[in-house]
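**Student:**
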Amino acid sequence: MKILLVTDAWKPQMNGVVRTLEKTVEECEKAGHVVEIISPSDGFMTLPLPTYPDIKIALFAKRELERRLVMFGPDAVHIATEGPLGWAARALCLKWGMSFTTSYHTKFPEYVHARFPFVPTSLVYKFVRSFHNSGGRVMVTTPSMVSFLETKKFNNLAAWTRGVDLTQFRPQIRFSKKDAFGEDVYAGLERPIFINVGRVAVEKNIEAFLKLDLPGTKVVVGDGPSYSVLQRQYGHVVKFVGAKFGDELARYFSDADVFVFPSKTDTFGLVIIEAMATGTPVAGYPVHGPIDIIPNSNAGIVDEDLRAASLQCLKLKRKDAVAHAQNYEWKKVAADFVSLLEPETEPQRRKRWRRARRAIKIAGAPFRIFKKIVRRLGRFVKTGR
Numbered sequence: 028m029k030i031l032l033v034t035d036a037w038k039p040q041m042n043g044v045v046r047t048l049e050k051t052v053e054e055c056e057k058a059g060h061v062v063e064i065i066s067p068s069d070g071f072m073t074l075p076l077p078t079y080p081d082i083k084i085a086l087f088a089k090r091e092l093e094r095r096l097v098m099f100g101p102d103a104v105h106i107a108t109e110g111p112l113g114w115a116a117r118a119l120c121l122k123w124g125m126s127f128t129t130s131y132h133t134k135f136p137e138y139v140h141a142r143f144p145f146v147p148t149s150l151v152y153k154f155v156r157s158f159h160n161s162g163g164r165v166m167v168t169t170p171s172m173v174s175f176l177e178t179k180k181f182n183n184l185a186a187w188t189r190g191v192d193l194t195q196f197r198p199q200i201r202f203s204k205k206d207a208f209g210e211d212v213y214a215g216l217e218r219p220i221f222i223n224v225g226r227v228a229v230e231k232n233i234e235a236f237l238k239l240d241l242p243g244t245k246v247v248v249g250d251g252p253s254y255s256v257l258q259r260q261y262g263h264v265v266k267f268v269g270a271k272f273g274d275e276l277a278r279y280f281s282d283a284d285v286f287v288f289p290s291k292t293d294t295f296g297l298v299i300i301e302a303m304a305t306g307t308p309v310a311g312y313p314v315h316g317p318i319d320i321i322p323n324s325n326a327g328i329v330d331e332d333l334r335a336a337s338l339q340c341l342k343l344k345r346k347d348a349v350a351h352a353q354n355y356e357w358k359k360v361a362a363d364f365v366s367l368l369e370p371e372t373e374p375q376r377r378k379r380w381r382r383a384r385r386a387i388k389i390a391g392a393p394f395r396i397f398k399k400i401v402r403r404l405g406r407f408v409k410t411g412r
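So the sequence shown is numbered by my numbering: it starts at 28 and just counts up by one.
(1) Using 8 Å as the Cβ pair cut-off and three pairs as the minimum, do the region 50-61 and the region 118-129 touch?
(2) How big is the Cα-Cα spacing for Leu-31 and Ile-65?
(3) Using 8 Å for Cβ pairs, my map puts Ile-106 next to Ala-116. What's the rounded Cβ distance?
(4) Have a look at Leu-74 and Asp-250 and give me their C-alpha separation to the nearest angstrom.
(5) My output table needs one value for Glu-63: the three-state DSSP class, helix, strand or coil.
(6) What is the rounded straight-line gap between the Cα of Leu-338 and the Cα of Ile-321?
(7) Is Asn-223 helix, strand or coil by DSSP?
(8) Is the CB of Ser-130 under 8 Å away from at least one CB in chain B?
(9) Excluding the 5 residues preceding and the 5 following Arg-226 in the sequence, name in chain order all residues of the same chain whose CB lies nearer than 7 Å to its CB.
(10) Go ahead and label Asp-102 buried or exposed: buried means 16 or more other beta carbons lie within 10 angstroms of its beta carbon, across all protein chains shown.
(11) Measuring CB to CB, does Ala-310 end up less than 8 Å from Phe-280?
(12) How is Gly-311 classed by DSSP in three states: helix, strand or coil?
(13) Which same chain residues end up closer than 7 Å to Gly-163 when comparing Cβ atoms and leaving out the 5 residues on each side of it in sequence?
(14) Report yes or no: do three or more beta-carbon pairs, one from the region 356-370 and one from the region 185-198, lie closer than 8 Å?
(15) The alpha helix (DSSP H) with Tyr-79 in it runs from where to where?
(16) Please determine, among Asp-284, Val-229 and Phe-267, the residue with the shortest C-alpha to C-alpha distance to Pro-242.
(17) By Cβ distance below 8 Å, which residues in the same chain neighbour Lys-346 in space, the five residues on each side in sequence not counted?
(18) Could you pull the start and end residues of the alpha helix (DSSP H) that Val-155 belongs to?
(19) Of all the options Glu-371, Lys-359 and Tyr-138, which has the alpha carbon lying nearest to the alpha carbon of Gly-190?
(20) Quick one: residues in its chain with C-beta nearer than 6 Å to the C-beta of Asn-160, no 5 flanking neighbours on either side, listed in chain order?
(21) With DSSP as the reference, please indicate the residues paired to Leu-193 in a beta bridge.
(22) So if DSSP puts Asp-35 in a beta bridge, which residue, or which two residues, is it bridged to?
(23) On a Cα-Cα basis, can you pick out the residue from Arg-218, Val-165, Lys-180 and Ala-88 that is closest to Leu-367?
(24) Quick check: the region 231-245 against the region 210-218, are there 3 or more CB pairs under 8 Å?
(25) Evaluate the contact criterion for the region 146-157 versus the region 324-338: three or more CB pairs, one atom per stretch, below 8 Å.
(26) Which residues does DSSP list as the beta-bridge partners of His-105?
(27) Which of the three DSSP states, helix, strand or coil, is assigned to Arg-395?
(28) Does the Cβ of Asn-323 have 16 or more other Cβ atoms within 10 Å, making it buried, or fewer, making it exposed?
(29) Can the beta-carbon of Ile-84 be found closer than 8 Å to that of Leu-92?
(30) Smallest Cα separation from Cys-340: which of Asn-232, Phe-267, Cys-55 and Phe-286?
(31) Taking Ala-283 as part of the beta strand (DSSP E), name the residues at either end of that continuous run.
(32) Rounded to whole angstroms, how far is the Cβ of Tyr-213 from the Cβ of Asp-274, which I believe are closer than 8 Å?
(33) Would you kindly check if the distance between the Cβ of Ile-222 and the Cβ of Pro-289 is under 8 Å?
(34) Please state if the CB of Asp-319 and the CB of Pro-170 are separated by a distance shorter than 8 Å.
(35) Going by the CB atoms, is the gap between Ala-141 and Val-44 shorter than 8 Å?
(36) Where does Ala-58 land, buried or exposed, given buried means 16+ other C-beta within 10 angstroms?
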């Protein structure tokens with residue numbers, strides 16, 4: 028199948044959405060599908076996202092997006108994000124009568140409200156609902172999120188879970204002497220080690236973790252817009268180590284005693300199953316994401332009292348966390364993704380894209396003629412011919 032994936036979140040960004048899409052594309056291609064990705068890093072004019080300068084948003088992309096959409100002629104279109112590229116792709120699919128699917132990765136209304144409290148979540152939900160309900164199926168991270176979005180009047184919802192790279196996040200690396208990171212990445216810190224991994228930002232509710240009265244040492248692994256402020260405020264009681272990636276990140280997970288997940292705005296929380304895969308149990312609030320992953324797993328504790336949940340995790344067996352993480356495989360995630368797409372039949376597709384290519388060629392003719400005239404005038408000015 029030829030799949031067009033349009034996303035405002037892509038490399039070099041490092042977050043759960045990007046990791047999900049990257050691993051899904053990788054597994055889809057292994058299965059023989061052809062995936063075309065359109066993202067802000069494809070040469071579009073970009074601007075930094077307000078309050079997130081490392082995240083770029085594409086501007087004035089509709090013309091180039093249309094050209095690539097039509098020339099690729101996909102069997103199925105998936106729009107992963109509600110950013111400028113996502114809205115442009117949505118408009119083009121509606122223009123050409125092309126069915127498309129979307130995915131709901133982030134509690135965007137809650138994110139906006141956390142940063143701008145004067146903006147009501149109801150207004151932002153109306154905005155994102157109009158985006159998703161205009162398409163076909165909406166892929167949502169968990170069953171609890173499906174139920175929640177149904178109360179917000181989203182249509183045609185389907186659960187699409189997440190996975191973990193079990194070759195990278197594995198229990199065998201705990202206190203390993205066979206890598207470059209030392210026998211214990213927390214050497215010199217008092218145990219037990221309670222860690223939080225992720226973007227250091229207000230919407231992640233990270234201060235709930237920083238304020239916990241816990242024995243041993245609290246460690247923050249990650250970076251973000253609130254990093255400097257929180258490090259100054261809590262640096263005397265919390266160890267901030269910055270962002271870690273790849274094998275080093277896996278070691279920070281594995282060498283810890285408990286992973287604490289204070290976020291109430293995530294829809295899943297990839298870091299939860301990454302921690303479990305290394306054997307580290309997880310403490311979290313009973314909210315979307317944790318309540319779908321943790322209960323009845325013996326791999327963590329959910330409780331409105333995050334301190335109590337964190338302390339109870341010290342009593343859990345690491346092997347149970349590892350066993351639970353085995354249920355989340357990227358290969359199955361990709362297979363589920365493909366099954367939830369809404370591809371067109373071959374006759375529909377061929378007829379539609381033939382008509383679209385012809386229309387684009389006609390629409391672009393005046394511009395091509397203008398370019399030819401400009402080139403000839405330039406040559407005449409230079410050579411007199």
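Cβ atoms here follow ideal geometry from the backbone N, Cα and C, with glycine treated the same way.
**Tutor:** The structure says:
(1) Contact fails: fewer than three Cβ-Cβ distances are below 8 Å.
(2) Translated into positions along the sequence shown, residue 31 becomes position 4. Translated into positions along the sequence shown, residue 65 becomes position 38. Their backbone Cα atoms lie some 8 Å apart in a straight line.
(3) Counting from 1 along the sequence shown, the entry for residue 106 is found at position 79. Counting from 1 along the sequence shown, the entry for residue 116 is found at position 89. At roughly 5 Å, the Cβ-Cβ gap stays under 8 Å, so Ile-106 and Ala-116 are in contact.
(4) Translated into the one-based positions of the sequence shown, residue 74 becomes position 47. Translated into the one-based positions of the sequence shown, residue 250 becomes position 223. Near 20 Å, if we compare the C-alpha coordinates of Asp-250 and Leu-74.
(5) For the purposes of this step, residue 63 is taken as residue 36 along the sequence shown, with counting starting at 1. Glu-63 falls in the strand class under three-state DSSP.
(6) If you number the sequence shown from 1, residue 338 lands on position 311. If you number the sequence shown from 1, residue 321 lands on position 294. Using only the alpha carbons, I get a separation of about 15 Å.
(7) Residue mapping note: residue 223 aligns to position 196 of the sequence shown, counting from 1. Three-state DSSP puts Asn-223 in a strand.
(8) You won't find chain B in this structure, because it holds only one protein chain.
(9) Residue numbering aside, residue 226 sits at position 199 when the sequence shown is read from its first letter. Here the set comprises Asn-42, Gly-249 and Gly-251.
(10) To locate residue 102, count along the sequence shown from 1; it is residue 75. Answer is buried; the Cβ neighbour count reaches 16.
(11) Position 283 of the sequence shown, counted from the start, is the residue given in the question as residue 310. Position 253 of the sequence shown, counted from the start, is the residue given in the question as residue 280. Cβ atoms of Ala-310 and Phe-280: not closer than 8 Å.
(12) For the purposes of this step, residue 311 is taken as the residue at position 284 of the sequence shown. Strand, per DSSP.
(13) Walking along the sequence shown from the start, residue 163 turns up at place 136. Ser-126, Phe-127, Thr-128, Asn-183 and Glu-369.
(14) yes
(15) Taking the sequence shown and counting its residues from 1, one reaches residue 79 at position 52. Counting along the chain, Tyr-79 falls outside any alpha helix (DSSP H), though it belongs to the beta strand (DSSP E) covering 79-86.
(16) To locate residue 242, count along the sequence shown from 1; it is residue 215. That would be Asp-284, whose Cα lies nearest to the Cα of Pro-242.
(17) As a first step, residue 346 must be located in the sequence shown, where it is residue number 319. Pro-198 and Gly-306.
(18) Within the sequence shown, numbered from 1, the residue matching residue 155 stands at position 128. Where Val-155 is concerned, the enclosing alpha helix (DSSP H) stretches over 148-160.
(19) On the sequence shown, residue 190 is found 163 positions in, with the first residue counted as 1. When each option's Cα is compared against that of Gly-190, the closest is Lys-359.
(20) For the purposes of this step, residue 160 is taken as residue 133 along the sequence shown, with counting starting at 1. The residues are Asn-182.
(21) Within the sequence shown, residue 193 is the residue found at index 166, counting from 1. None, per the DSSP bridge assignment.
(22) Walking along the sequence shown from the start, residue 35 turns up at place 8. According to DSSP, Asp-35 bridges with nothing at all.
(23) Sequence index remark: in the sequence shown, residue 367 carries index 340 (1-based). Taking only the C-alpha atoms, the option nearest Leu-367 is Val-165.
(24) yes
(25) no
(26) Against the sequence shown, residue 105 aligns to sequence position 78. In DSSP, His-105 forms a bridge with Leu-32 and Thr-128.
(27) What you label residue 395 is simply residue 368 of the sequence shown in a count that begins at 1. Caution applies to Arg-395, whose pLDDT of 48 falls short of 50 and renders its modelled position unreliable; the model cannot decide the point.
(28) In the sequence shown, the residue the question calls residue 323 occupies position 296. Of the residues assessed, Asn-323 falls on the exposed side of the cut-off, its CB having fewer than 16 other CB atoms within 10 angstroms.
(29) The sequence position of residue 84 within the sequence shown is 57, counting from 1. The sequence position of residue 92 within the sequence shown is 65, counting from 1. Not a contact, by the Cβ cut-off of 8 Å.
(30) In the sequence shown, counting from the first residue as 1, residue 340 sits at position 313. Comparing Cα-Cα distances from Cys-340 to each of Asn-232, Phe-267, Cys-55 and Phe-286, the minimum goes to Phe-286.
(31) The residue given as residue 283 occupies position 256 in the sequence shown. That residue, Ala-283, is in no beta strand (DSSP E); it is neither H nor E in DSSP.
(32) Taking the first residue of the sequence shown as 1, we reach residue 213 at position 186. Taking the first residue of the sequence shown as 1, we reach residue 274 at position 247. Their Cβ separation, rounded to whole angstroms, is 16 Å, which puts Tyr-213 and Asp-274 out of contact at 8 Å.
(33) Sequence index remark: in the sequence shown, residue 289 carries index 262 (1-based). Sequence index remark: in the sequence shown, residue 222 carries index 195 (1-based). The answer is no: Cβ separation not under 8 Å.
(34) Looking up residue 170 in the sequence shown gives position 143. Looking up residue 319 in the sequence shown gives position 292. Cβ distance < 8 Å, so Pro-170 and Asp-319 count as in contact.
(35) Start at 1 with the first residue of the sequence shown, and residue 44 comes out as number 17. Start at 1 with the first residue of the sequence shown, and residue 141 comes out as number 114. Not in contact: Val-44 and Ala-141 (Cβ atoms no closer than 8 Å).
(36) What you label residue 58 is simply residue 31 of the sequence shown in a count that begins at 1. Exposed, since its Cβ has fewer than 16 Cβ neighbours within 10 Å.
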